[in-house]
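Trainee: Quick note, the sequence shown lines up with residues 58 to 403 if you use our numbering.
Below is a structure I'd like to ask you about.
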Amino acid sequence: MVRTLIDIRSLTIDPNCWYAVAQSAELKTEPRSITLWGEPIALFRGADGVAHAVEDRCPHRQVKLSHGRVVAGSLECTYHGWRFDGDGRCTHVPYREGSLPGCRLRTYPVREHDGFVWLFAGDPERAHAVEPLRLPEWDHLNYIATVAPIACAAHYSYLIENLMDMHHGHLHERFQAWGAAHLEKLEEHPGRIDALYEAQSYYRIDRIWSVAQLFVPALRRAHPEALAVSYVYPHWCARLGEDFRLYCLLCPEGERSTRAYLVHFTSLEAFPDLHKLPVPFRRFVKDRCFGSAQGMLAGLIRQDVQMIEEEQRAHDRAPHRRNWEVNRALAAVQRLWRQQKKADVS
Numbered sequence: 058m059v060r061t062l063i064d065i066r067s068l069t070i071d072p073n074c075w076y077a078v079a080q081s082a083e084l085k086t087e088p089r090s091i092t093l094w095g096e097p098i099a100l101f102r103g104a105d106g107v108a109h110a111v112e113d114r115c116p117h118r119q120v121k122l123s124h125g126r127v128v129a130g131s132l133e134c135t136y137h138g139w140r141f142d143g144d145g146r147c148t149h150v151p152y153r154e155g156s157l158p159g160c161r162l163r164t165y166p167v168r169e170h171d172g173f174v175w176l177f178a179g180d181p182e183r184a185h186a187v188e189p190l191r192l193p194e195w196d197h198l199n200y201i202a203t204v205a206p207i208a209c210a211a212h213y214s215y216l217i218e219n220l221m222d223m224h225h226g227h228l229h230e231r232f233q234a235w236g237a238a239h240l241e242k243l244e245e246h247p248g249r250i251d252a253l254y255e256a257q258s259y260y261r262i263d264r265i266w267s268v269a270q271l272f273v274p275a276l277r278r279a280h281p282e283a284l285a286v287s288y289v290y291p292h293w294c295a296r297l298g299e300d301f302r303l304y305c306l307l308c309p310e311g312e313r314s315t316r317a318y319l320v321h322f323t324s325l326e327a328f329p330d331l332h333k334l335p336v337p338f339r340r341f342v343k344d345r346c347f348g349s350a351q352g353m354l355a356g357l358i359r360q361d362v363q364m365i366e367e368e369q370r371a372h373d374r375a376p377h378r379r380n381w382e383v384n385r386a387l388a389a390v391q392r393l394w395r396q397q398k399k400a401d402v403s
């Protein structure tokens with residue numbers, strides 16, 4: 058019997074997971090349009106400020122509801138003014154008395170925490186049995202956050218492989234926080250891959266003045282540091298020593314389009330006296346320094362996206378060509394994808 062190898066670059070997503078579809082700060086008074094694996098979805102806030110998600114189409118003429126506005130807590134279509142609430146019910150037709158009880162939109166479970174709006178695209182009955190990835194550093198007063206969006210014209214697998222591969226520091230030069238990575242340990246679990254690298258870190262936040270390294274490259278000095286990276290399907294997280302933590306929250310739009318948020322945290326835990334300062338002052342510092350690593354992340358993302366999109370184009374030109382991959386972490390991730398696909402089929 059001939060065994061057909063599953064094509065990684067044509068895999069769909071598992072809808073029964075939570076995806077970070079927007080930053081909370083991005084969803085204000087106007088609706089927001091997003092796409093999750095080919096499904097157009099409209100996000101909006103009700104009168105109470107709670108986030109809702111409905112399919113992005115008016116059942117009247119099939120136009121995008123996200124082109125409209127929020128009125129009295131309902132999403133109003135810009136074409137004829139039909140309104141729909143967070144439960145997908147048609148609550149108002151301007152030129153008709155009463156509502157249309159049978160006119161309903163598909164809705165999606167939504168949660169909001171750690172600065173993001175999370176959406177569950179699968180079976181709503183399973184949403185409560187699955188937990189979204191948590192970012193405990195988001196509200197912690199000793200962590201400074203930066204959020205950088207990623208958009209690439211490629212299958213999501215290329216982005217995950219890029220994130221799990223700590224050997225490509227050669228690409229980033231001055232933007233890279235580490236170099237000379239060596240894979241020390243690899244663990245495979247259902248739905249999760251943990252890889253431990255030993256790397257040379259260029260940053261160490263251990264003195265007040267050392268924070269200046271983030272802005273002045275001449276102050277950086279390389280030193281050995283543990284670099285732990287994990288693929289927790291469908292997202293990614295990493296920890297560089299005690300000073301830096303990163304997350305990549307995925308929102309795959311389709312087979313050749315991937316959006317994501319790269320979240321970077323700089324730890325101030327090395328300063329024990331920080332706890333003695335008034336909480337309002339610490340909150341002010343945290344908020345004031347939000348986005349301090351934006352330049353570094355933007356540089357990393359720009360270089361990575363160029364390579365990822367080039368990989369996708371090369372695959373599309375010659376999908377039969379084999380990659381000569383030597384990083385065991387990437388092979389483990391691909392095994393995880395194939396196992397999940399087999400489980401879906403069975």
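No residue lacks a Cβ here, since even glycine has one placed at the ideal position from N, Cα and C.
Does DSSP put leucine 68 in a helix, in a strand, or in coil?
Mentor: Here leucine 68 sits in coil by DSSP.
Trainee: For leucine 162 and glutamate 241, which I take to be in contact (beta-carbon distance under 8 Å), what is that distance rounded to the nearest angstrom?
Mentor: Contact doesn't hold; Cβ gap of about 50 Å is too wide.
Trainee: Quick check on isoleucine 91: does DSSP put it in helix, strand or coil?
Mentor: Note: isoleucine 91 maps to strand in three-state DSSP.
Trainee: Between glutamate 326 and the rest of its own chain, which residues show a CB-CB distance below 7 Å, the 5 nearest in sequence each way excluded?
Mentor: Taken in chain order, the residues that qualify are Asn199 and Glu299.
Trainee: Between Glu255, Arg370, His372 and Gly145, which lies nearest to alanine 279 when the distance is taken from Cα to Cα?
Mentor: Of the listed residues, the one whose Cα sits closest to alanine 279 is Glu255.
Trainee: Smallest Cα separation from glutamine 119: which of Ser131, Thr135 and Asp105?
Mentor: Answer by Cα proximity: Thr135.
Trainee: Helix, strand or coil: how does DSSP classify glutamine 119 here?
Mentor: Residue state, collapsed to three classes: coil.
Trainee: Any idea if histidine 292 is buried or exposed, counting beta-carbon neighbours within 10 angstroms, 16 or more meaning buried?
Mentor: Label assigned to histidine 292: buried.
Trainee: Could I get the ranges of all uninterrupted alpha helix (DSSP H) runs contained in the stretch 98-158, with 4 residues as the minimum, in chain order?
Mentor: Complete alpha helix (DSSP H) runs here, min 4: none at all.
Trainee: Over the uninterrupted alpha helix (DSSP H) stretch that includes serine 214, give me the two end residues.
Mentor: That run of the alpha helix (DSSP H) goes 213-221.
Trainee: Is there contact between the stretch 337-348 and the stretch 214-221, where contact requires at least three CB pairs shorter than 8 Å?
Mentor: Segments in contact, no.
Trainee: Answer yes if the stretch 82-101 comes into contact with the stretch 234-248, meaning at least three C-beta pairs across the two stretches below 8 Å, and no otherwise.
Mentor: Touching, no, given that fewer than three Cβ pairs across the two stretches are closer than 8 Å.
Trainee: Which residues in the same chain as cysteine 160 place their Cβ atom closer than 7 Å to its Cβ, once the five residues preceding and following it in sequence are excluded?
Mentor: Correct list, in chain order: Pro116 and Cys147.
Trainee: Check whether the stretch 175-190 touches the stretch 326-337, taking contact to mean three or more Cβ pairs, one atom from each stretch, closer than 8 Å.
Mentor: The stretch 175-190, when compared against the stretch 326-337, does not touch it at the 8 Å Cβ threshold.
Trainee: Per DSSP, which one or two residues make a beta bridge with cysteine 209?
Mentor: Note: cysteine 209 sits in a beta bridge opposite Thr315.
Trainee: Quick check: the Cα distance between methionine 58 and aspartate 64, rounded to an integer number of angstroms?
Mentor: With a pLDDT of only 42 at methionine 58, under 50, the local geometry of the prediction cannot be trusted, and the value read off the model is given with reservation. Rounded to whole angstroms, methionine 58 to aspartate 64 spans 18 Å at the Cα level.
Trainee: Rounding to the nearest angstrom, what Cα-Cα distance links tyrosine 152 and phenylalanine 347 in this structure?
Mentor: Looking at the two C-alpha atoms, the distance is approximately 48 Å.
Trainee: Do you know whose CA, among Phe141, Tyr260 and Leu297, lies nearest threonine 164's CA?
Mentor: Measuring from the Cα of threonine 164, the nearest candidate turns out to be Phe141.
Trainee: Looking at the unbroken beta strand (DSSP E) that takes in phenylalanine 347, where does it start and where does it end?
Mentor: It is not in any beta strand (DSSP E) - phenylalanine 347 carries neither H nor E in the DSSP assignment.
Trainee: Alpha carbon to alpha carbon, how far is alanine 389 from glutamine 396? Give it in angstroms, no decimals.
Mentor: Between glutamine 396 and alanine 389, the C-alpha separation is close to 11 Å.
Trainee: My output table needs one value for leucine 192: the three-state DSSP class, helix, strand or coil.
Mentor: It is coil, neither helix nor strand.
Trainee: The beta strand (DSSP E) that contains leucine 297, what's its start and end?
Mentor: Per DSSP, leucine 297 belongs to the beta strand (DSSP E) from 292-297.
Trainee: Is the beta carbon of valine 107 closer than 8 Å to that of leucine 176?
Mentor: No, they are not a contact pair.
Trainee: Starting from glycine 226, follow the alpha helix (DSSP H) in both directions and report where the run begins and ends.
Mentor: Unbroken alpha helix (DSSP H) run through glycine 226: 226-229.
Trainee: First and last residue of the beta strand (DSSP E) that includes valine 78?
Mentor: Segment 75-80, the beta strand (DSSP E) holding valine 78.
Trainee: Can you tell which of Leu228, Gln363 and Thr203 has the C-alpha that lies nearest to the C-alpha of tyrosine 318?
Mentor: Considering only alpha carbons, the answer is Thr203.
Trainee: Report yes if the CB atom of phenylalanine 338 is closer than 8 Å to the CB atom of isoleucine 201, and no otherwise.
Mentor: No. Outside cutoff.
Trainee: I'd like to confirm the pairing. Which residues does DSSP put opposite glutamine 257 in its beta bridges?
Mentor: Per DSSP, Gly236 and Pro281.
Trainee: Start and end of the beta strand (DSSP E) containing histidine 170?
Mentor: Residues 167-170.
Trainee: Assuming glutamate 194 and arginine 302 form a contact by the criterion Cβ under 8 Å, report the distance between their Cβ atoms to the nearest whole angstrom.
Mentor: So it is a contact: roughly 6 Å between Cβ atoms.
Trainee: For the candidate residues Ala295, Glu312 and Arg313, whose alpha-carbon lies nearest to that of leucine 306?
Mentor: Leucine 306 has its Cα closest to that of Ala295, out of Ala295, Glu312 and Arg313.
Trainee: Comparing C-alpha positions only, which one of Pro335, Val336 and Pro88 sits nearest to glycine 125?
Mentor: Minimum Cα distance to glycine 125 is reached at Pro88.
Trainee: Roughly how many angstroms separate the alpha carbons of alanine 99 and alanine 386, rounded to a whole number?
Mentor: When rounded, the distance between both Cα atoms is 36 Å.
Trainee: Quick check on the DSSP output: the beta strand (DSSP E) that includes valine 174 runs from which residue to which?
Mentor: Per DSSP, valine 174 belongs to the beta strand (DSSP E) from 173-177.
Trainee: Distance, Cα to Cα, alanine 355 vs alanine 208?
Mentor: Taking the straight line joining both Cα atoms gives about 12 Å.
Trainee: State the CB to CB distance for the pair phenylalanine 101 and leucine 132, rounded to an integer number of angstroms; the pair is presumed to be in contact (CB under 8 Å).
Mentor: Phenylalanine 101 to leucine 132, Cβ: 5 Å. Contact.
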